[in-house]
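Encoded as structure tokens, the structure appears first; notes follow it.
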């Protein structure tokens with residue numbers, strides 16, 4: 001295993017290096033990446049961070065996380081798994097043996113903590129006189145939490161997002177306050193990580209969309225050089241300048257600065273006692289942001305720096321409490337830690353947030369909700385969570401965000417598609433808690449039917465909750481098998497004297513005689529239930545385990561956890577993610593790489609298109625979804641108008657506006673929308689070497705359009721705006737191609753989507769659509785009186801340029817004699833033919849197949865566009881291209897280059 005881990009570490013390091021080298025290459029070759037520059041730099045910064053996180057994850061212990069909604073019944077599960085047999089769960093702190101449940105864990109039947117608790121048998125980092133081991137939030141964690149709370153707990157329907165003038169004025173003010181050297185450890189990469197988080201998590205919110213165009217690039221430039229108060233002003237735009245939020249950020253940031261921004265810290269036992277004022281007690285957070293907050297505690301970094309803060313601030317800052325347990329409960333704890341996550345909470349929708357927080361004592365509620373949601377996201381992003389025990393109680397589920405949270409973890413650890421999940425051991429355990437509640441007579445139910453209650457429970461806790469939007473409950477592994485890793489758990493500590501007998505110590509000793517017949521009938525109804533047979537694998541065994549005296553199903557659950565609590569499972573998960581990451585990086589870079597064998601490259605590109613993109617396009621078209629796909633690839637004039645307005649206050653390169661989310665309907669069945677099979681009409685390109693399919697057309701003469709480089713004009717305001725538009729469009733469709741729901745809906749696989757987007761962007765550069773759009777815009781600007789009058793027209797011109805290209809891929813600008821041709825009847829015709837000008841159109845009895853013909857034309861157009869893209873480009877033997885080849889070789893995307901002494 002050590003050898004495998006070391007090999008993965010080396011691959012992570014090589015991937016980080018390749019990513020950094022790629023960023024340098026983009027910087028040195030701006031004329032090649034051009035309008036893709038903003039998005040590709042953002043993507044590769046993200047790839048570098050992902051590889052670094054994988055490296056860190058390899059060196060940390062694997063973890064089983066217990067997660068679920070608040071009050072889902074996690075407490076018994078945690079205590080039973082973390083203790084040995086029926087012994088108390090104990091830890092030794094500062095030489096003092098303490099019972100975790102009696103001495104440390106906050107009292108009460110509600111959700112007790114707002115942090116992650118780690119149970120481990122390994123020594124935890126602490127100091128002799130400060131034995132309580134803690135992990136802290138980072139500065140960017142705090143910003144994400146506050147932003148998460150504002151964006152998820154506030155109704156934004158009456159709140160206007162910031163416009164370009166507001167953002168510009170903010171940046172101009174802060175630029176004058178920059179220091180000459182970085183103030184602390186915050187870097188540009190940290191700021192871009194913030195952007196990635198908010199774009200990924202809240203990309204559809206208008207405030208986040210408004211910040212894409214010009215905020216983040218400037219924020220990355222400014223933030224490292226700003227003092228805490230000025231930095232707070234910079235980031236407060238994320239939460240609409242709520243002073244209560246900003247004050248919390250400043251307080252917590254100052255505490256981190258005093259400690260030296262450590263990831264780990266510790267404190268004395270006084271931090272945990274008394275329990276009702278403990279820094280892990282969620283009630284202690286009530287004083288957050290209050291000047292008269294009760295009590296203080298001293299936090300210490302492992303190198304000796306200290307900060308005395310209010311207990312509320314300490315509670316807010318702590319991400320994790322690490323508990324080294326005295327007795328190893330199960331053998332897999334040798335290499336596995338148990339993580340207890342705070343329960344997921346339903347989010348609010350506050351309309352007048354400024355009025356609501358006029359009483360700043362309410363800010364703690366928002367911070368807590370944001371923190372609980374974000375901690376789960378952070379541990380998933382850091383790949384800490386190898387396996388998950390997902391606890392779900394009975395009755396209807398209220399935390400509507402929970403299915404999406406679980407789905408994101410499944411996709412990251414097991415894969416997005418059933419066939420991906422088939423390659424991984426199932427590490428998700430659905431734990432249906434409070435099993436004994438199903439034995440009670442329920443008001444309004446048919447007491448003679450002891451089977452349907454199990455259908456009701458499975459629907460409420462699983463099928464109607466997780467299966468309403470997602471398909472994984474119904475198709476887990478690509479073999480037409482549903483998810484079946486479901487377990488029942490019962491808490492023996494809750495006495496039920498109607499069902500069980502107890503001894504004088506309240507230990508269960510048997511089923512009550514008067515209940516035996518009823519339990520037998522309930523079991524028979526359970527085993528015969530259709531949903532149980534379908535979704536609960538080994539249903540009878542799991543019933544018996546849940547009814548095991550003084551166990552309640554924990555023994556079986558631990559037994560089934562053991563096979564997946566292996567270090568090699570975690571390494572295999574990371575290896576799969578790393579392989580996917582390297583493939584995505586290589587796929588993206590190959591768009592700019594020129595092979596030494598141009599003809600071989602052309603044939604390869606054509607074959608890749610035929611094998612991946614064309615079949616997906618046909619499926620999409622036959623399902624009558626191509627029009628929606630094409631619209632999603634296009635831009636809105638109003639969004640381009642926004643870019644134009646913000647260009648007036650430009651201080652950085654613009655970002656992409658977003659598009660509405662793809663429909664979430666399941667992809668099957670695939671309707672045939674044309675009354676015939678489109679695939680019958682699409683003839684594969686036989687590869688006769690002329691670059692234009694099967695002789696249906698010539699596209700462009702060799703040496704004319706095929707290898708034509710993008711023209712350049714003087715970079716005036718019109719050119720700058722069009723560049724901004726094309727950067728925004730490139731970012732938009734790149735992000736769209738990464739949308740798993742969009743891939744599913746439009747019947748594309750991720751590789752085909754990436755390939756299609758690559759060819760569209762390369763073609764737009766090669767055909768120089770920016771230059772013609774800029775020229776049209778110059779004419780318009782000469783006719784306009786002022787910029788406010790110019791903006792709407794500029795938006796329309798820009799949208800027409802992009803959308804016109806996507807409609808015909810540039811072929812409508814060629815003479816029909818030079819266009820590719822497609823078969824029609826016994827002959828053939830040029831693609832996208834102009835309607836003959838021969839008077840009024842005569843309508844026949846049968847409608848013409850306009851949609852079918854257009855789809856056929858578009859498929860032929862993308863074929864020829866791809867071949868012409870491959871025929872263009874730069875010389876393969878340039879230093880820049882050789883450098884790129886070396887990067888691709890490091891990623892395993894091309895063979896390692898042969899060293900050429902003539903160019904050394």
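Numbering (full-length UniProt numbering), first residue to last: 1 to 904. Where a beta carbon is used, it is the ideal one built from N, C-alpha and C, also for glycine.
- Straight-line measurement puts the Cα of residue 631 at about 25 Å from the Cα of residue 587.
- Counted as a single uninterrupted DSSP element, the beta strand (DSSP E) harbouring residue 324 occupies residues 318-324.
- In this structure, residue 806 and residue 623 do not form a Cβ contact; the two beta carbons are roughly 19 Å apart against a cut-off of 8 Å.
- Within the DSSP secondary-structure output, residue 96 pairs in a beta bridge with 93.
- Per DSSP, reduced to three states, the secondary structure at residue 65 is strand.
- It is roughly 52 Å from the alpha-carbon of residue 117 to the alpha-carbon of residue 799.
- For residue 133, the number of other beta carbons within 10 angstroms of its own is at least 16, and it is reported as buried.
- Where residue 337 is concerned, the enclosing beta strand (DSSP E) starts and stops at 336-340.
- The beta-bridge partner set that DSSP reports for residue 488 consists of 432.
- In the three-state DSSP reduction, residue 138 falls in the coil class, being neither helix nor strand.
- At a Cβ-Cβ threshold of 9 Å, residue 279 and residue 311 count as neighbours.
- Going by DSSP, residue 306 is part of the beta strand (DSSP E) stretching over 306-310.
- In this structure residue 720 does not touch residue 643 by the C-beta definition: roughly 11 Å separates them, more than the 8 Å allowed.
- Counting other Cβ atoms within 10 Å of its Cβ, residue 400 stays below 16 and is therefore classed as exposed.
- Distance from the CA of residue 283 to the CA of residue 139, rounded to the nearest whole angstrom, comes to 23 Å.
- A contact is defined here as three or more CB-CB pairs under 8 Å, and the stretch 214-225 meets this definition with respect to the stretch 187-195.
- For residue 879, the enclosing alpha helix (DSSP H) stretches over residues 879-890.
- Along the length of the stretch 751-824, whole alpha helix (DSSP H) runs at least 4 residues long occupy 769-783 and 787-808, reported in chain order.
- Bounds of the beta strand (DSSP E) holding residue 119 are 116-120.
- For residue 516, the number of other beta carbons within 10 angstroms of its own is below 16, and it is reported as exposed.
- For residue 593, the secondary structure class from DSSP, reduced to helix, strand or coil, is coil.
- For residue 267, the pairing in a beta bridge is given by DSSP as 132.
- If you draw a 10 Å sphere on the C-beta of residue 507, you find fewer than 16 other C-beta atoms in it, and that means exposed.
- With distances taken between CA atoms, residue 206 lies nearest to 240 out of 67, 240 and 230.
- Closest in C-alpha terms to residue 493, from the list 485, 502 and 486, comes 502.
- According to DSSP, residue pairing for residue 827 in a beta bridge involves 824.
- Membership of residue 510 in the beta strand (DSSP E) is indicated by the continuous run 508-511.
- At a cut-off of 4 residues, the continuous stretches assigned as alpha helix (DSSP H) that sit fully inside the stretch 719-753 are 740-745.
- Residue 383 is not a Cβ neighbour of residue 307, given a cutoff of 9 Å.
- For residue 296, no alpha helix (DSSP H) segment is defined; the enclosing uninterrupted segment is the beta strand (DSSP E) at 296-301.
- Contact between residue 300 and residue 265 is confirmed by a C-beta separation of about 6 Å, below the 8 Å threshold.
- For residue 391, the enclosing beta strand (DSSP E) has its first and last residue at 387-392.
- DSSP, read as helix, strand or coil, puts residue 279 in coil.
- The stretch 483-498 and the stretch 535-550 touch, with three or more beta-carbon pairs separated by less than 8 Å.
- Residue 620 and residue 737 have their C-alpha atoms spaced approximately 15 Å apart.
- Shown here, residue 893 sits in coil according to DSSP, grouped into three states, outside any helix or strand.
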